[in-house]
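full-length UniProt numbering puts the first residue of the sequence shown at 1, with every later residue one more than the last.
Just so you know, even glycine gets a beta-carbon here, dropped at the ideal spot from N, CA and C.
See below for the structure under consideration.
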Amino acid sequence: MHDHIKKLLDRCYATKDENTRFSPTNLGEALVMGYDEMGYELWKPYLRSMMEADMKSVSVGTKSKSEVLESCLQQMKACFLDARVKKAKLLDAMGTFFARSNRPINETQNPVEVVRPCGACNGSEMLLKRRASGEFMVGCRSYPQCRNVVWLPGSLSEAAVTNQVCPICAPGPVYKIQFKFRRRDIPPNFDVDHLGCVGGCDDILKDLMEISRFGSRSQAATPGF
């Protein structure tokens, strides 16, 4: 187990503070999300537990080394071939947690991209993320344990969290987001630039969500959407 934990830290899947408390990195969370979307549970201990049980069987003589090795290789091969077919899901998850290198930086942008406390799990934060497909979302940092998410309008071309706090919405703070919409995708009576709030008080954003046929698709509903 010690070697397993060390490997997680060495590969930067998680960090450990001075109180021996572990926290997932963006890489670790992206891998969990990607594997989950691909239909795997590789972050759970089941596969490792099965392998350790097989090795114990070899040590006590109930299974042969070649038998266990062949079974393990066949499982890994099947998983690898399936992962190659579904690799777009993993890339999509990576795009959710890692910004593109050519993404413009706004001086008023909140560098952490934290939007608000999560109202579903009450122990984490909702973050502004962009999927590899280009869609923006506000999702819980504790995914996949918490699947609270607000899908923002598909007409968005840019979005950045600002340092401005909404004086209305709670629980807070709820940081406002600077949105930029594609003109061709919104009605002429809406501005392409909009400083909005996902907390539920923003009627303009609600209208654009309805027009774009997007909104909250979370298992745990986000207040206001």
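Which word fits residue i, buried or exposed, when buried means at least 16 other C-beta atoms lie within 10 angstroms of its C-beta?
i    : result
F179 : buried
L195 : exposed
R141 : buried
K89  : buried
G61  : exposed
Does DSSP classify residue i as helix, strand or coil?
i           : result
D193        : strand
F22         : strand
Y35         : helix
Y46         : helix
A74         : Contrary to the premise, residue 74 reads as Gln rather than Ala in this sequence. In this structure, Q74 counts as helix in the three-state DSSP scheme.
F98         : coil
residue 231 : Since the displayed the chain opens at 1 and closes at 225, residue 231 lies outside it and no answer follows.
C140        : strand
R130        : strand
S216        : Per-residue confidence for S216 stands at a pLDDT of 37, beneath the threshold of 50, marking its modelled position as unreliable; the derived number appears in the next sentence. Note: S216 maps to strand in three-state DSSP.
E52         : helix
residue 231 : What the structure shows of the chain is the stretch from 1 to 225, and residue 231 is not part of that stretch, so it cannot be assessed.
N106        : Residue confidence is low: N106 scores 46 on pLDDT, short of 50, so the model does not pin down where it sits. No coordinate-derived value is stated.
K87         : helix
V58         : helix
K206        : helix
V68         : helix
Residue i: which of the options sits nearest, CA to CA?
i    : options               : result
V115 : C197, F22, L9         : C197
D36  : G123, A159, L91       : L91
V161 : L9, P171, V149, K176  : K176
M76  : K56, A93, M50         : M50
N163 : E113, L205, R184      : E113
L205 : W151, G134, F98, S57  : W151
G28  : P171, A93, V165, A159 : A93
V174 : E52, K86, G200, F22   : G200
Y13  : V32, T20, G39, S124   : V32
G119 : D202, A159, V149      : V149
L147 : C166, L127, E67, E135 : Leu is not the amino acid found at residue 147; the sequence shown has Arg there. With distances taken between Cα atoms, R147 lies closest to L127.
Skipping 5 residues on each side, what residues in its chain have a beta carbon closer than 6 Å to that of residue i?
i    : result
K129 : T96, M137, G139
L208 : P153
Whose C-beta lies closer than 8 Å to the C-beta of residue i among residues of the same chain, with five residues either side of it excluded?
i    : result
I211 : P153, S155, I186, P187
V192 : K180, F181, R182, R183, I186
T20  : none
Among all the DSSP beta bridges, which residues are the ones paired with residue i?
i           : result
E158        : K180
residue 227 : The requested residue 227 is not part of the displayed model; the chain covers only 1 to 225.
E125        : P117
For residue i, collect the residues of the same chain with a Cβ closer than 7 Å to its Cβ; drop the 5 residues on either side in sequence, then sort them by chain order.
i    : result
S124 : C118, C140, R141, S142, C146
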